[in-house]
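Enquirer:
Numbering (our numbering), first residue to last: 150 to 230.
#1: State the DSSP-derived secondary structure class of residue 225, mapped to helix, strand or coil.
#2: Leaving out five residues before and five after residue 180 in sequence, what residues of the same chain have Cβ atoms less than 7 Å from its Cβ?
#3: Please state the DSSP three-state secondary structure of residue 179.
#4: Which of the three DSSP states is assigned to residue 219 in this structure?
#5: Are residue 211 and residue 191 touching if we call contact CB-CB under 7 Å?
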């Protein structure tokens with residue numbers, strides 16, 4: 150699971166998720182793990198598009214047309230993507 154990078158032994162899943170979400174380094178690690186796990190579903194897409202669409206749509210974000218509006222916003226705000 151994504152929250153595992155920052156999960157303490159005494160934390161339940163909800164608390165660990167919130168702790169990780171509030172910590173920039175933990176959040177980065179979480180997104181890196183998700184991207185590495187699901188990037189095979191994003192064949193032919195740039196790293197930036199892969200990360201944005203997985204972030205927006207989860208494991209199948211690259212396959213879902215529902216993530217295209219978010220990806221278009223990312224492209225507008227990040228032209229180097």
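Idealized CB from N, CA, C, for every residue including glycine.
Expert: Let me lay it out:
#1: Looking at residue 225 - three-state DSSP - the assignment turns out to be helix.
#2: In the same chain as residue 180, and ignoring 5 residues on each side of it, the C-beta atoms closer than 7 Å to its own belong to 200, 204, in chain order.
#3: Of the three classes helix, strand and coil, the one that applies to residue 179 here is helix, per DSSP.
#4: Of the three classes helix, strand and coil, the one that applies to residue 219 here is helix, per DSSP.
#5: The answer is yes: Cβ separation under 7 Å.
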